[in-house]
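Undergrad: For the sequence shown, position 124 (counting from the first letter as 1) is numbered 124 according to the UniProt record's numbering, and the numbering increases by one without interruption. Just so you know, even glycine gets a beta-carbon here, dropped at the ideal spot from N, CA and C. Model, not experiment: these values are computed from the prediction. Quick one: this structure, given as structure tokens, is what I'll be asking you about.
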Amino acid sequence: MLFYLQRLIQFVRNVASKCFDVCCDQLDSFKLRQPRNFLIFSLAITDFLVGLIVMPVVYFVKPNFHGNWPYGTTLCEIYWVIKITVVHVSILHLVVIAIDTYLSLKNAFYAQRRTAKKVTLMVLGIWFLGHLPSLLTLVYKDSEYETRINVNYSCYPSFDLLFLWINNTFGFWIPMIIICTLHYQIFKN
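What follows is the structure in structure tokens.
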């Protein structure tokens, strides 16, 4: 048990130090305080949350199908809302960074018209849109949801085929196609 605790402390320390480095570089250097870097800064915060909240729970608790979740329904719901939100927000950051890069290279005036206010609105929009898929886990619950968590100690939301299809399509396939298409267009020219 002590070994796992040491690994957890080491893992959190490494993730925190990497995020702290990016944040300090962003705040310290005047050159890095450009509106485009707000997206990278927000992505660093999002990935920090993935490393701080999602990864240790997945690694040490294994909440899905192994029956290791003794924390109850409320913490299970909070965990899945945070997990789905930060993962989708991270993916949406990559999409917006790809769109921003493409527009910056294709339109010389785009970068000049990009202000801190516009990029801040983009970041807020990313966080809003990234939070929407996690709301499905709070709304839709199958008949065995409470039993699965409180009796079987397995923390996973009610996944049906429609939820999986929507989540995979809008959370992975469409962003991947957008990113690949934009990078192809960038490198083609």
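Quick one: is residue 191 buried, meaning 16 or more other Cβ sit within 10 Å of its Cβ, or exposed?
TA: With the chain covering 1 to 189 only, the question about residue 191 has no answer from this structure.
Undergrad: Does the separation of the CB atoms of Val139 and Leu39 fall below 9 Å?
TA: Going by C-beta atoms, Val139 is not nearer than 9 Å to Leu39.
Undergrad: Taking a contact to mean a Cβ-Cβ separation below 9 Å, would you say Val123 touches Lys83 in this structure?
TA: No.
Undergrad: Once DSSP output is grouped into helix, strand and coil, what is the label at Gln34?
TA: Note: Gln34 maps to coil in three-state DSSP.
Undergrad: Could you tell me the alpha carbon to alpha carbon distance between Asn167 and Ile126, rounded to whole angstroms?
TA: Going from the Cα of Asn167 to the Cα of Ile126 covers about 16 Å.
Undergrad: Taking the alpha carbon of Thr85 as the point to measure from, which residue in Ser143, Leu135 and Gln34 has its own alpha carbon closest?
TA: The option with the nearest alpha carbon to Thr85 is Leu135.
Undergrad: Do the CB positions of Lys171 and Ile97 come within less than 9 Å of each other?
TA: For the sequence presented, residue 171 should be read as Gly rather than Lys. Result no, Cβ atoms of Gly171 and Ile97 do not sit closer than 9 Å.
Undergrad: With DSSP collapsed to three states, give me the class of Arg148.
TA: Three-state result, Arg148: helix.
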